[in-house]
Amino acid sequence: MSQKILLTGGAGYIGSHTYLALVSAGFTPVILDDFSNCSPAVLDRLQRLTGHPALCERGSVTDSGLVQRLLEQHRIGAVIHFAGFKAVGESVAQPLKYYANNIGGMVGLLQAMEASACRTLVFSSSATVYGDPASVPITEKFPVSHTNPYGHTKLVCEDMLAALRVAGPLWRMGVLRYFNPVGAHPSGLIGEDPAGLPNNLMPYVTQVAVGKRPYLNVYGRDYNTPDGTGVRDYIHVQDLAQGHVAAVQALLGKGESFTVNLGTGRGHSVLELVSAFERASGKTVPYQFAPRRAGDVAQCYADPSLAEDLLGWRATHSLADMCTDAWRWQQGNPEGYGQALAGDR
Ligand code: UFG
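Position 266 (the sequence shown) corresponds to 265 in numbering that gives the first Met the number 0; numbering is contiguous.
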């Protein structure tokens, strides 16, 4: 029988892409989501793409009793914990919201897992744990730090997992430090659907291209980078989803815990991304330079070789693929999931 994997936050951007990758790999994902930052319409899209209704429970990961019931009822083999708030600026304005959900949610989840003896976990961490890196590319051995409550919650969660591994050798944990996930499923049916003004570069670019916003602000032109704009490691969400499958397979197989970067190992500047997007979409993306954004670093890209050594995983999609797929999703869904395509319920 196919192994069941619980995806907390499984209806979100990365969770929904991982759902499809897990189905393709022969797993049965079960979604737990409170839909606080995503739309239930994604479930219809997942059904269209897989041919089966998604197993999904509406609820919060902070509800430990609910999580335990799901773990036991479905005999879950492993959990992938995506559920968490992720907006840096909001975390500065409302830190308690972040500590309660991201750290409280992790505590509740781990208690439920302990109680039901399901001790295999993949955790969504972030390159934010590297703070302002002294050099690039960044390996997992780099020192960690935080500059905002969001980043602090990721570090606390990583520390919590490390403490549990010391306390109990039965735990198997994969910590995945994401770099900059962008792009969408090649079907154009699922993608990133930020509420309100996008914080991140790619959704802002696609919204400018589709005519929802007049121009892009490029934050900073005087960084110590080849063209003066910030450099990041953009990774196709399909590659990232595949990284989760590899992580689950490794934990259920060999069973050794790990912490790995998921990035491509290549840095691209803001202006490079804009040019690549213009080529992929045939659209012009007007932009203007604006002051640096508080908290931004000049360069951040991964050394992803540990993930290849331990998991046999590496990113295969190019920046052009990321732009093509992000544009297909934006064009087909100008209002995100808010505007259902023909054929949706
Ligand atoms: N940028 C712009 N204009 C915009 C948005 C972004 O010029 O409208 C620039 C930023 O200044 C930066 C680059 O585009 O140079 C990427 O910015 P993003 O907001 O897309 O991504 P970040 O690298 O700032 O943030 C991401 C995640 C965070 C995480 C961080 C570090 O969104 O959750 O990586 O891991 F904390």
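Even for Gly, the Cβ is constructed at its ideal location relative to N, Cα and C.
Pair within 8 Å by beta-carbon distance, residue i and residue j
{"i": "V269", "j": "V207", "result": "no"}
{"i": "G173", "j": "A82", "result": "no"}
{"i": "A240", "j": "H16", "result": "yes"}
{"i": "S256", "j": "R176", "result": "no"}
{"i": "R212", "j": "F288", "result": "no"}
{"i": "V247", "j": "I79", "result": "yes"}
{"i": "G107", "j": "D62", "result": "yes"}
{"i": "G262", "j": "I234", "result": "yes"}
{"i": "V273", "j": "V181", "result": "no"}
{"i": "D33", "j": "C55", "result": "no"}
Any non-hydrogen atom of the ligand UFG within 7 Å of residue i CB
{"i": "Y12", "result": "no"}
{"i": "C156", "result": "no"}
{"i": "G187", "result": "no"}
{"i": "T263", "result": "no"}
{"i": "N198", "result": "yes"}
{"i": "C345", "result": "Absent from the structure is residue 345, since the part of the chain shown begins at 0 and ends at 344."}
{"i": "S274", "result": "no"}
{"i": "Y203", "result": "yes"}
{"i": "V91", "result": "no"}
{"i": "R47", "result": "no"}
{"i": "N223", "result": "no"}
{"i": "Y149", "result": "yes"}
{"i": "D346", "result": "In the structure displayed, the chain extends from 0 to 344; residue 346 sits before or after that span and is not available."}
{"i": "S317", "result": "no"}
{"i": "K211", "result": "no"}
Which residues DSSP lists as bridging residue i, in chain order
{"i": "R278", "result": "Answer is none; R278 lacks a bridge partner."}
{"i": "S115", "result": "Beta-bridge pairing links S115 to no other residue."}
{"i": "V209", "result": "Answer is none; V209 lacks a bridge partner."}
{"i": "D221", "result": "Answer is none; D221 lacks a bridge partner."}
{"i": "A20", "result": "According to DSSP, which records beta bridges pairwise, A20 is partnered with nothing at all."}
{"i": "R231", "result": "H267, C299"}
{"i": "M172", "result": "L120"}
Contact belief for residue i with residue j at Cβ below 8 Å, rounded distance in angstroms
{"i": "H267", "j": "L318", "result": "6 Å"}
{"i": "T224", "j": "V217", "result": "Actually they are not in contact, since the Cβ atoms of T224 and V217 sit about 12 Å apart, beyond 8 Å."}
{"i": "Y12", "j": "V236", "result": "7 Å"}
{"i": "K3", "j": "G58", "result": "With a Cβ gap of about 17 Å, K3 and G58 do not count as contacting."}
{"i": "L70", "j": "A20", "result": "Not really, about 22 Å apart at Cβ, beyond 8 Å."}
Cβ pair count under 8 Å reaching 3, the region 192-212 against the region 138-157: no
Contact between the region 149-163 and the region 323-336 (3+ Cβ pairs under 8 Å): no
The region 41-51 in contact with the region 103-119 per 3-pair CB rule at 8 Å: no
Cβ pair count under 8 Å reaching 3, the region 37-46 against the region 85-93: no
Segment contact, 8 Å Cβ cut-off, at least three pairs: the region 148-155 with the region 93-110: yes
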